[in-house]
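Everything on this sheet refers to the single structure shown next.
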Amino acid sequence: MKFAFLSLLAASHATTTALECQQHGPILPRPLDLNHSKTFRRALDNLTSVLDSAVAGRIKAGWDTRNTSISVGLVSLDQAKPSVPLWEFHHLAKGNVNGTKRLDRNSQYLIGSVSKVISDAILLRSGVNIDEPVTKFLPSLNNASSLISWNNITLRALASQLAGIPPNYGFSEYFYLKSYFQTLGFPPIDDSEFGSCGIIGLPYGPCTQDQILQGMLTLHPIAPPMSRPVYSNIAYTLFTYALSARTGKNYTQLVQDLISTPFNMPNTFPSVSPFPAAMDSSRAVIPPVDNSWGSNYADNAPGGGLVSTLADLSSFLHAILSHTVLDTETKVREWLQPRSFAGSRNSFVGTPWEIFRPAPELLFPADVIAQGGGHTVTILEKGGAAYGYNAYISVLDEYGVGVVILTAGDTNAVLGVHDAVLSVLVPAVDAAARESAQKEYAGRFLGKTTPATGNMPVNATIEIDAKSMRLVGLSSNGTDMLASFAEVWAVTMGMVMPGTGLAEEWRLYPAEISTPGRLADGKKVVREDWRIMWALESEFESELPGRGISEQNCLSWTAADWVYWGGEPIDRFVFVKDAKDGRVLGLEVPFLRTEVMKKAR
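So for the sequence shown, this note's numbering puts the first residue at 74; every next one is plus one.
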């Protein structure tokens with residue numbers, strides 16, 4: 074049976090080295106000293122200069138700078154405090170005559186649907202089993218008359234935009250536009266046919282919980298649960314009701330207990346009535362356009378009604394990047410994974426992340442691409458909009474950085490600033506990572522095997538090129554082990570993966586697994602695992618139609634840890650680092666039974 078499985082696996086392994094094929098996640102270790110990277114600081118200075126020129130009118134911004142205020146921050150793991158971004162930029166528009174007169178990281182904005190990320194964090198931190206159906210918490214939804222099968226919708230589905238339910242209840246109706254709709258050909262209807270709560274232009278006020286739950290029984294499903302993403306605000310209201318039923322706390326209390334207090338986010342709270350004392354208009358960024366500052370979002374707050382600041386969102390993103398926002402690092406990693414495909418090959422949906430993987434040519438300069446550099450970067454984003462406000466947060470976990478953008482005014486500002494920041498940030502932090510890796514990891518490492526294996530000389534040579542880290546030389550007792558890799562593959566994996574060979578390219582990627590330990594002299598160290606990602610290539614020739622389709626499928630990830638020598642995988646390499654300062658002290662190659670190999674000076 075095992076051989077049959079491997080044979081089936083082999084059939085899908087026709088891939089080429091021309092295809093971008095690498096592990097998901099860090100290509101190189103996260104840079105942890107960005108402030109001292111001249112390349113990075115120069116890029117940020119250039120970004121500040123460009124934004125200054127845009128808001129001053131020296132270059133075309135693409136939005137109304139006189140009536141649009143913005144706050145932008147770059148969050149990094151090595152910033153001095155979680156609430157103090159590594160870099161920030163603020164512009165208080167001249168037209169903003171109401172609200173704050175001094176814009177800084179503690180100024181308050183409405184953040185729209187960025188609230189959903191915080192609401193999902195509340196759900197994940199609550200301790201409630203999110204894989205249970207919503208009907209277990211809200212039994213009134215378990216009604217045979219409902220058009221939606223609520224028994225098949227879990228809290229996780231609600232939090233991941235996979236419930237297949239409508240986006241809103243109540244305010245998708247626009248009573249104040251009734252006459253206008255009729256001029257466009259809509260048939261006359263009686264006022265009683267509009268809903269009984271939450272309708273814009275009718276004096277009913279916000280919907281109560283009972284009205285919303287009763288209304289859920291009348292909605293038409295948009296898609297089967299878990300089939301494809303359907304954007305929904307009301308989903309966040311529903312799982313918040315579920316949390317309240319289980320905990321006895323309303324949304325305001327949940328935000329306070331699970332987010333604001335533990336992550337030092339004093340200016341993050343729902344815009345609800347009665348308004349919190351902290352919701353102070355003298356600290357608010359209030360645009361001179363129609364806006365919803367001071368609006369009562371009531372039970373719709375979980376999906377889009379939070380107030381926050383650059384400082385607070387910096388603290389929140391710092392907790393995500395440090396993998397401390399949830400109980401364990403594993404839970405955070407799970408949270409940052411996609412849950413569904415979206416509308417393009419570059420777009421995915423998470424919980425509730427809008428995951429974007431742009432083509433490398435959009436992020437990296439042409440000269441980097443020409444050298445074979447640049448790679449697909451996974452950007453976990455969430456945009457948000459409220460009347461007069463737009464917000465964006467982005468998490469680039471592989472680099473340990475994030476971006477917060479808050480705007481009040483012209484809706485065009487947020488994406489213009491977002492794209493400008495990413496175009497500068499990604500190549501700059503990538504260059505800083507390479508500079509750091511070149512200093513610590515690249516070079517020729519010399520050593521010997523353990524006394525038990527004869528103290529034979531061993532050496533390894535590692536380079537950092539435009540793409541990643543390369544193992545360009547590995548010799549044991551005078552034998553070229555890279556040539557041996559190809560031979561070993563041919564006589565082992567080549568038999569179960571026929572038609573597949575190894576390209577002569579040996580790239581190492583961080584496994585993100587570290588183990589504390591000690592050297593023989595007692596020195597505390599951390600052993601950091603790296604793995605070769607075998608570059609598979611097809612040796613299959615055929616005149617059948619469709620040749621080459623499967624070559625676009627990157628499946629090198631399936632070949633990790635397949636070949637062992639005496640209990641040690643031959644693709645595992647271990648850097649030994651000082652436990653205090655993180656300096657690389659040497660390299661171990663476990664399958665060769667090496668001692669710690671020191672870098673040649």
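Cβ coordinates follow ideal geometry from the N, Cα and C atoms, glycine included.
- DSSP lists Thr534 as the bridge partner or partners of Gly546.
- The continuous stretches of alpha helix (DSSP H) do not include Ser420, which lies in the beta strand (DSSP E) extending over residues 420–422.
- Taking 9 Å as the cut-off, the beta carbon of Glu610 is found closer than this to the beta carbon of Leu575.
- DSSP, read as helix, strand or coil, puts Met352 in coil.
- Considering only Ser623, Leu519, Asp553, Tyr582, the residue with the shortest C-alpha distance to Thr667 is Leu519.
- Distance from the CA of Arg319 to the CA of Gly655, rounded to the nearest whole angstrom, comes to 45 Å.
- For Ala632, the three-state secondary structure derived from DSSP is helix.
- Cα atoms of Gln410 and Thr256: separation of roughly 47 Å, rounded to the nearest angstrom.
- Using a Cβ distance threshold of 9 Å, Val450 and Ile393 do not count as a contacting pair.
- In this structure the stretch 354–363 touches the stretch 167–186; the number of beta carbon pairs closer than 8 Å is three or more.
- Looking at the DSSP output, Gly590 shares a beta bridge with Val598.
- Secondary structure of Met670 (DSSP, three-state): strand.
- Each residue's CA atom was taken as its position, placing Ala486 and Leu479 some 9 Å apart.
- Ranking Leu196, Val157, Tyr370 by CA distance to the CA of Lys322 puts Leu196 first.
- For the pair Gly640 and Val599, the Cα-to-Cα distance works out to about 22 Å.
- The Cβ-Cβ distance between Val649 and Val669 falls below 9 Å.
- Burial state of Ala673 is exposed, judged by a 10 Å Cβ sphere holding fewer than 16 other Cβ atoms.
- Annotation note: the stretch 456–529 contains the following uninterrupted alpha helix (DSSP H) runs of length 4 or greater, listed N- to C-terminal: 486–513.
- By the neighbour-count definition (other C-beta atoms within 10 Å, threshold 16), His97 is an exposed residue.
- Taking C-alpha positions only, Leu292 is separated from Leu220 by approximately 6 Å.
- DSSP lists Met542, Ile605 as the beta-bridge partner residues of Leu581.
- From the listed residues Ala481, Val499, Asn463, Ala458, the smallest Cα separation to Gly475 is found for Val499.
- Counting only residues of its own chain and dropping the five nearest sequence neighbours on each side, Met542 has a CB closer than 7 Å to the CB of Leu101, Ala510, Tyr514, Ile535, Arg580, Leu581.
- At a Cβ-Cβ threshold of 9 Å, Gly185 and Gly456 count as neighbours.
- Within its own chain, the residues whose Cβ lies closer than 8 Å to the Cβ of Phe248, once the five positions on either side in sequence are excluded, are Asp264, Phe267, Ile272, Ile273, Gly274, Leu275, listed in chain order.
- With at least 16 other beta carbons inside 10 angstroms of its own, Phe113 counts as buried.
- Looking at Thr227, Thr403, Asn337, Tyr324, the one whose alpha-carbon comes closest to that of Asn179 is Asn337.
- If you check the CB distance, Val201 and Leu235 do not come in under 9 Å.
- With distances taken between CA atoms, Ser233 lies nearest to Arg412 out of Gly527, Asp353, Ser354, Arg412.
- Ala533 has its alpha-carbon roughly 7 Å from the corresponding atom of Leu544.
- Between the C-alpha atoms of Thr552 and Phe664 there is a straight-line separation of about 14 Å.
- If the five residues before and after Phe437 are omitted, its C-beta is found closer than 6 Å to the C-beta atoms of Gly447, Pro500, all from its own chain and listed in chain order.
- According to the DSSP secondary-structure assignment, Trp638 is paired through a beta bridge with Glu641.
- The alpha carbon of Tyr304 has as its nearest neighbour, out of Glu427, Val647, Gln95, the alpha carbon of Glu427.
- By the C-beta criterion, the stretch 139–148 is judged to be in contact with the stretch 160–167, since at least 3 inter-stretch pairs fall below 8 Å.
- Proximity to Trp630 across Val636, Met352, Trp607 peaks at Trp607, based on C-alpha coordinates.
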